[in-house]
Amino acid sequence: MKYTLITGASRGIGEAIARYCASANMNLILVARSAEALEKVSKEIVDEHQVDIKTFAADLTSPGRVKDLFHWCKAQDYDVNMLVNNAGVACYGKFDDLSYDEQMSVVNLNINTTVNLTYTFLPMLKEQGRAYILNMASTACYQAIPYMSVYAATQAFLQSFSLGIRNELKGENVYVSCVCPGPTATDFFEKSGLAGLPVNSKEVKMSPEEVAETAIQGTLEKVAEIVPGTSNTLGAYFSKLFPNKWVVKMVENYFHPKVSTV
């Protein structure tokens, strides 16, 4: 039986992607750290859509856990034909004020785990006839962001990595998409320390359901780079037109700790 595997699936955009995929009659493998949260989401989705759902609770940044997930799928004959690398994290603050370990946790989850999952599951994906990889980045990939320097750099990596392997996989029936949403109405801002900034305004946020629908539809249509929302699309476009130093200075005005509205 074929499955869509979604990381970070217990809340936010990952949960919304799971619900949207289930509404399209896709069977799911949901992965997150909390077994309790996964079971709750899984039960709700099964009750509504009657698809087959498996759950795997794990911290995928821990050594060996990605391989454990892969071998579990192989042992149970769960054929993954869509890999959604959604799990991600951020931290906010001046680079040398934040702890090294906190910032490396951002690199480990956003970059290392995504690369590890993609590399580990790619042989299985190639066996499916047609398969998809969806890497969740953000509009932060289009410019450096002062006070979120490491996070923005990881998003730039995800975009570059996705577009690169997409072209390497031409002719192999594995289609790679990178989704770059802007501000979204999840708990991301609170968990990242951004709650008091203008970018946390509800007026500029898309719903996770809107992002999920755009992401999955674009992935199935084999779109390379997906930017949900007109304002985000325009922002991504104009960030490429102006010199980097101008764009970064403008972005700093929104992220400087002095602009906090708290």
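Residue 165 in my numbering sits at position 15 of the sequence shown; the count goes up by one each step and never skips. Backbone N, C-alpha and C define an ideal beta-carbon position, used for all residues, glycine too. Being a predicted model, the structure only gives us computed values, none of them experimental.
Nearest-angstrom beta carbon gap, Ile167 and Ala362 [assumed within contact, 8 Å]
Numbered from 1 along the sequence shown, position 212 holds the residue referred to as residue 362. Numbered from 1 along the sequence shown, position 17 holds the residue referred to as residue 167. So it is a contact: roughly 4 Å between Cβ atoms.
Say whether the segment 288-296 touches the segment 258-275, bearing in mind that this needs 3 or more beta-carbon pairs closer than 8 Å, one atom from each stretch.
Cβ pair count under 8 Å is below three, so no.
Could you tell me the distance, in whole angstroms, from the CA atom of Phe245 to the CA atom of Gln253?
In the sequence shown, residue 245 corresponds to position 95, counting from 1. In the sequence shown, residue 253 corresponds to position 103, counting from 1. Whole-angstrom Cα-Cα distance: 8 Å.
Would you grab the beta carbon distance between Thr205 and Ser192 for me? Rounded to a whole angstrom, and I think it's under 8 Å.
In the sequence shown, the residue the question calls residue 205 occupies position 55. In the sequence shown, the residue the question calls residue 192 occupies position 42. Thr205 to Ser192, Cβ: 5 Å. Contact.
For the beta strand (DSSP E) that contains Ser381, what are its first and last residues?
In the sequence shown, residue 381 corresponds to position 231, counting from 1. Counting along the chain, Ser381 falls outside any beta strand (DSSP E), though it belongs to the alpha helix (DSSP H) covering Thr380 to Leu391.
Going by beta-carbon coordinates alone, are Asn177 and Lys152 separated by less than 8 Å?
Reading the sequence shown from its first residue, position 27 is the one you call residue 177. Reading the sequence shown from its first residue, position 2 is the one you call residue 152. Contact flag set, yes.
In the DSSP assignment, what residue or residues form a beta bridge with Ile203?
Within the sequence shown, the letter at position 53 stands for residue 203. DSSP, once it has assigned bridges, lists Leu178 as partnering Ile203.
If we count the other Cβ atoms within 10 Å of its Cβ and call it buried at 16 or more, is Lys372 buried or exposed?
Taking the sequence shown and counting its residues from 1, one reaches residue 372 at position 222. Exposed is the call here.
Check whether the Cβ atoms of Val239 and Ser255 sit closer than 8 Å, and answer yes or no.
By 1-based counting over the sequence shown, the position of residue 239 is 89. By 1-based counting over the sequence shown, the position of residue 255 is 105. Yes.
Do Cys330 and Ile366 have their beta-carbon atoms positioned less than 8 Å apart in this structure?
Position 216 of the sequence shown, counting from 1, holds the residue named residue 366. Position 180 of the sequence shown, counting from 1, holds the residue named residue 330. No, the pair does not count as a contact, with Cβ atoms beyond the cut-off.
Which residues in the same chain as Tyr301 place their Cβ atom closer than 6 Å to its Cβ, once the five residues preceding and following it in sequence are excluded?
On the sequence shown, residue 301 is found 151 positions in, with the first residue counted as 1. The residues Ala240 and Val256, in chain order, have a CB closer than 6 Å to that of Tyr301 in the same chain once the five nearest residues on each side in sequence are set aside.
Lys152 (DSSP reduced to helix, strand or coil):
To locate residue 152, count along the sequence shown from 1; it is residue 2. Strand, per DSSP.
What three-state label does DSSP hand Tyr325 in the structure shown?
The count along the sequence shown starts at 1 and reaches residue 325 at position 175. Tyr325: strand per DSSP, three-state reduction.
Is the Cβ-Cβ distance between Gly158 and Thr336 less than 8 Å?
One-based indexing of the sequence shown puts residue 158 at position 8. One-based indexing of the sequence shown puts residue 336 at position 186. Result no, Cβ atoms of Gly158 and Thr336 do not sit closer than 8 Å.
Could you give the residue range of the alpha helix (DSSP H) that holds Leu272?
Position 122 of the sequence shown, counted from the first residue, corresponds to residue 272. Taken as a continuous stretch (DSSP letters only), the alpha helix (DSSP H) holding Leu272 covers Thr264 to Lys276.
Going along the chain, which unbroken runs of the beta strand (DSSP E) with 3 or more residues stay wholly within the segment 282-339?
Listed in chain order, the complete beta strand (DSSP E) runs (minimum 3 residues) inside the segment 282-339 are 324-329.
If you count every other CB in all the chains shown that lies within 10 Å of the CB of Arg280, and 16 or more means buried, which is it?
Position 130 of the sequence shown, counted from the start, is the residue given in the question as residue 280. By the neighbour-count criterion, in which 16 or more other beta carbons inside 10 Å mark a residue as buried, Arg280 falls on the exposed side.
Assign Glu375 to one of three DSSP states: helix, strand, or coil.
The residue labelled residue 375 in the question sits at position 225 within the sequence shown. Reduced to three states, the DSSP call for Glu375 is strand.
Could you check what DSSP says for Val234 in three-state terms: helix, strand or coil?
In the sequence shown, residue 234 corresponds to position 84, counting from 1. Strand at Val234.
Going by C-alpha to C-alpha distance, which of Ser327, Lys320, Ser299 and Glu322 sits closest to Phe311?
Numbered from its first residue, the sequence shown carries residue 311 at position 161. Of Ser327, Lys320, Ser299 and Glu322, the residue nearest in Cα terms is Ser327.
When the Cα of Asp227 is compared with those of Glu277, Trp396 and Lys341, which residue comes out closest?
Locating residue 227 in the sequence shown gives position 77, counting from the first residue. Comparing Cα-Cα distances from Asp227 to each of Glu277, Trp396 and Lys341, the minimum goes to Glu277.
On the DSSP bridge assignment, give the partners of Asp229 in chain order.
Working through the sequence shown from its first residue, we reach residue 229 at position 79. In the DSSP output, where bridge partners are listed per residue, Asp229 has Lys152.
DSSP on Thr157, reduced to helix/strand/coil?
Walking along the sequence shown from the start, residue 157 turns up at place 7. The three-state secondary structure of Thr157, taken from DSSP, is strand.
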